[in-house]
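To start, the structure under review is shown below, and the notes come after it.
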Amino acid sequence: MSELRGIYTLWKREMLRFIRERTRLVSSVVTPILWLVIFGTGLGLSLGKQTGFNYQQFIFPGIIAQTLLFTAMFMGISVIWDKQFGFMKEILVAPISRLSIFIGKMLGVGTSSMVQAIIVLGLGFLIGIPLTIPMIAEALPMMVLIAVGLVCIGLIIASILNSLENFGAIVTFVNMPMFFLSGALFPVATLPAWLKWVFYINPLTYDVDAMRAIIMGSSWTTIFPFWQLVLIIVVFDVVMIAIGSYLFARTK
Amino acid sequence: MTYIIETKDLTKKFGSLTAVDSLNLKVEKGEIFGLLGPNGAGKSTTLSMLCTILRPTSGTAFVNGFDVAKNPSQVRKSIGIVFQDPSIDDKLTGRENLEMHADLYGVPKDQVKERIDNVLKLVELEDRANDYMNTYSSGMRRRLEIARSLIHYPKVLFLDEPTIGLDPQSRDHIWSYIRELIKREDITIILTTHYMEEADKLCGRIAIIDHGKIVAMDTPKKLKEELGGDTITVKTKNNDLFLRKIMEAGLAKAAVIVNDEVKMTVDGAHTLLPGIINLALENKIFIDSISLQEPQLDDVFLHFTGRALRDAKGKELSPMARARRH
């Protein structure tokens, strides 16, 4: 009971901080618009035809995955901030288990990521992506599954690092490569074999693929059967939660 | 007699460095106990072990009857901590910070509001409760942290350098809250400080820690007395004669001429002063100046550690203290 209350209050804190950081909210909406409208239109006109799809519709699932990834990673920063500005101590000496602290953080960052991704989903509707209610009903739980793993990556990295400078490097060396090597912007199937490997070890590849299967329907051929994609994502989530809670338990 | 805090040979090693070395401490209920020492003496490490943040390398420590190594969650429920570094969330309001603390410590929900109002009143921050923390001054933040540490009714309150970096006015404020607390609540306070004045004014007992060991432990008064009383410094037109008369009259325990002044070590300077002045008048010795110095904790510290504390006041007083040691 008291553990649940602890988790709830840690989640609530993340929410309050999320709502109050307006600039981040605005920028997180503007970035996907830039990708979808400018990149989507520009590249769509020149290269998009080769994908054989409406290019905006093609990159839209990728942009949703990107939003989840970036938000999850950036909000992972909050653990470093908490460590640097001492708030972590207040949580660590409280009579609440480290696992609960990890879960509270994960739910908080996860909810924030979901809110942003849902905003992007709404944007998709505005720019004319053909979204249906059953599609959204399928996309939302999938987004939750995706968010869990990505949030854990952010929290794991932040629990290993101690300063914000390092986090900048992580964003450059983790966020960007993960996004570009995920098939969010171009199909993986037509790539040469040596490059495909890099995509296959990137968890975001499966996230993008699964989202695309939902939003583009039967016109999209997935890398693996859909149920296998879901299995991969779930297994990844479980492994990340295990590593994350282990690392949090060791946090001083 | 059971103690609220009891340590036996408490030791913490970081690699080859022994930060806390076989510490034996007994603190009674209701005390304000000070851990005094220069930076790096092992105060904060000791506190961290008592708060279950660090695990002892060896030895045991009991807080409120619970073993810090075996029963950390019970210890955590029994204690409140104000860290040396700020540990509040800037993006939240004062009240939100307090509510969060109440949730983390499982304060009964129907009591949360009342307790928060009470602690806010204690530190006089009722008017600012709904403002964001980043609008608070550092003194106000510290006060809010003290308020926060009291919400779950801790049996022991740890204050790690509670007034470090604060202006004198804020410091006075916080001292008065601490005194108020010990009067009103059933609480024991352990504070670390390297301000002598703070230890002297607040603490019933102090332990002087140096290199991870306790070098002296007693009431501030007794520690000062151990140095051998007050010093009276008199400058006269005939120091040699005055010194001889003082010794003949047996007024001082010791007296020497230093820098054209007669320095006397006495018990109870205030009562002896008229006699000393009379003695000078009787012998027609003209007095230029008199100054009176009670021993300071700085001197006690210097006496036991051979080092001055690293703050301005310690340095200022150290020549005086050095003279007294010989």
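The listed protein sequences derive, respectively, from chains A and B. Numbering (the numbering used here) for the first sequence: 364 to 615. Numbering (the numbering used here) for the second sequence: -6 to 319. Don't be surprised by glycine CBs; every beta carbon is placed ideally from N, CA and C. Being a predicted model, the structure only gives us computed values, none of them experimental.
Between residue i and residue j, how many whole angstroms is the CB-CB distance? I'm expecting something under 8 Å.
i, j, result
"Arg136(B)", "Ile109(B)", "About 14 Å; that fails the 8 Å criterion."
"Tyr188(B)", "Ile139(B)", "About 17 Å; that fails the 8 Å criterion."
"Phe235(B)", "Ala273(B)", "6 Å"
"Thr568(A)", "Val483(A)", "At roughly 19 Å, the Cβ-Cβ gap does not stay under 8 Å, so Thr568(A) and Val483(A) are not in contact."
"Val561(A)", "Leu548(A)", "So it is not a contact: roughly 14 Å between Cβ atoms."
"Thr4(B)", "Ser51(B)", "5 Å"
"Glu377(A)", "Lys468(A)", "7 Å"
"Val158(B)", "Ser131(B)", "The residue asked about is misnamed: residue 158(B) is Gly in this sequence, not Val. Right, their Cβ atoms sit about 6 Å apart."
"Ile401(A)", "Leu486(A)", "The Cβ separation is near 13 Å, so there is no contact."
Would you say residue i and residue j are within 7 Å of each other, going by their C-beta atoms?
i, j, result
"Thr360(B)", "Gln286(B)", "Only positions -6 to 319 of chain B appear in the structure, and residue 360(B) is not among them; the question remains open."
"Val13(B)", "Thr39(B)", "yes"
"Gly30(B)", "Asp281(B)", "no"
"Ile25(B)", "Ile180(B)", "no"
"Leu28(B)", "Lys36(B)", "yes"
"Leu266(B)", "Val259(B)", "no"
"Phe611(A)", "Ser475(A)", "no"
"Leu508(A)", "Ile596(A)", "yes"
"Tyr418(A)", "Gly407(A)", "yes"
"Lys22(B)", "Ile(-3)(B)", "yes"
"Lys148(B)", "Ser71(B)", "yes"
"Met93(B)", "Thr372(A)", "yes"
"Phe423(A)", "Ile496(A)", "no"
"Ile436(A)", "Gly517(A)", "Looking at the sequence shown, residue 436(A) is not Ile but Met. A contact, by the Cβ cut-off of 7 Å."
"Asp600(A)", "Gly512(A)", "yes"
"Ser391(A)", "Gln479(A)", "yes"
"Asp570(A)", "Ala457(A)", "no"
"Thr229(B)", "Ile278(B)", "yes"
Bridge partners for residue i per DSSP, in chain order?
i, result
"Phe55(B)", "Glu(-1)(B) and Asp60(B)"
"Ile207(B)", "Ile202(B)"
"Gln286(B)", "Thr224(B)"
"Phe151(B)", "Ile74(B) and Ile183(B)"
"Glu254(B)", "Val251(B)"
"Lys176(B)", "Lys176(B) is not bridged to any residue."
"Leu29(B)", "Thr186(B) and Ile201(B)"
"Leu16(B)", "Leu3(B)"
"Thr229(B)", "Ile280(B)"
Can you give me the Cβ contacts of residue i inside the same chain, cut-off strictly under 6 Å, excluding the 5 residues immediately before and after it?
i, result
"Ile207(B)", "Ala200"
"Leu152(B)", "Val75 and Leu184"
"Leu470(A)", "Trp374"
"Thr226(B)", "Glu254, Lys256 and Ser284"
"Ile533(A)", "Ile520"
"Ala305(B)", "Confidence at Ala305(B) is low in this model, with a pLDDT of 33, below 50, so its placement is unreliable and the value that follows should be read with caution. So the list is empty, once near-sequence residues are dropped."
Alpha carbon to alpha carbon, how far is residue i from residue j?
i, j, result
"Lys245(B)", "Lys238(B)", "Inspection of the sequence shows that residue 245(B) is occupied by Ala rather than by Lys. For Ala245(B) and Lys238(B), the distance between alpha carbons rounds to 11 Å."
"Pro161(B)", "Asn127(B)", "21 Å"
"Met477(A)", "Ala510(A)", "7 Å"
"Lys375(A)", "Ile481(A)", "19 Å"
"Trp609(A)", "Phe55(B)", "Sequence check: residue 609(A) is Tyr here, not Trp. Looking at the two C-alpha atoms, the distance is approximately 28 Å."
"Arg315(B)", "Leu97(B)", "Confidence at Arg315(B) is low in this model, with a pLDDT of 40, below 50, so the placement of that residue should be treated as unreliable; the coordinate-derived value is given next. Roughly 50 Å between the two C-alpha positions."
"Ile440(A)", "Asn90(B)", "20 Å"
"Met539(A)", "Thr394(A)", "14 Å"
"Arg177(B)", "Gly197(B)", "16 Å"
"Met616(A)", "Met579(A)", "Nothing about residue 616(A) can be read from this structure; chain A reaches only from 364 to 615."
"Glu528(A)", "Asp193(B)", "43 Å"
"Val602(A)", "Phe465(A)", "14 Å"
"Tyr146(B)", "Pro101(B)", "12 Å"
"Leu310(B)", "Lys106(B)", "Residue confidence is low: Leu310(B) scores 36 on pLDDT, short of 50, so the model does not pin down where it sits. No coordinate-derived value is stated."
"Thr11(B)", "Ala502(A)", "57 Å"
Please go through the same chain and pick out, in chain order, the residues whose beta-carbon is closer than 8 Å to the beta-carbon of residue i, but skip the five residues on each side of it.
i, result
"Lys217(B)", "Glu287, Pro288, Gln289, Leu290, Asp292 and Val293"
"Ile606(A)", "Cys515 and Ile519"
"Phe7(B)", "none"
"Leu118(B)", "Gly87, Met133, Arg136, Leu137 and Ala140"
"Lys84(B)", "Tyr125, Met126 and Asn127"
"Thr156(B)", "Arg135, Ser163, Arg164, Ile167, Trp168, Thr186, Tyr188 and Glu191"
"Gln420(A)", "Ile492, Pro493, Ile578 and Met579"
Might you give, ordered along the chain, the residues of its own chain that have their beta carbon closer than 7 Å to the beta carbon of residue i, omitting 5 neighbours on each side?
i, result
"Pro65(B)", "Thr45"
"Met541(A)", "Leu432, Asn565 and Leu567"
"Asp82(B)", "Asn90 and Met126"
Between residue i and chain E, is the shortest Cβ-Cβ distance under 7 Å, so that the two count as touching?
i, result
"Gly369(A)", "The structure shown contains no chain E; its protein chains are A and B."
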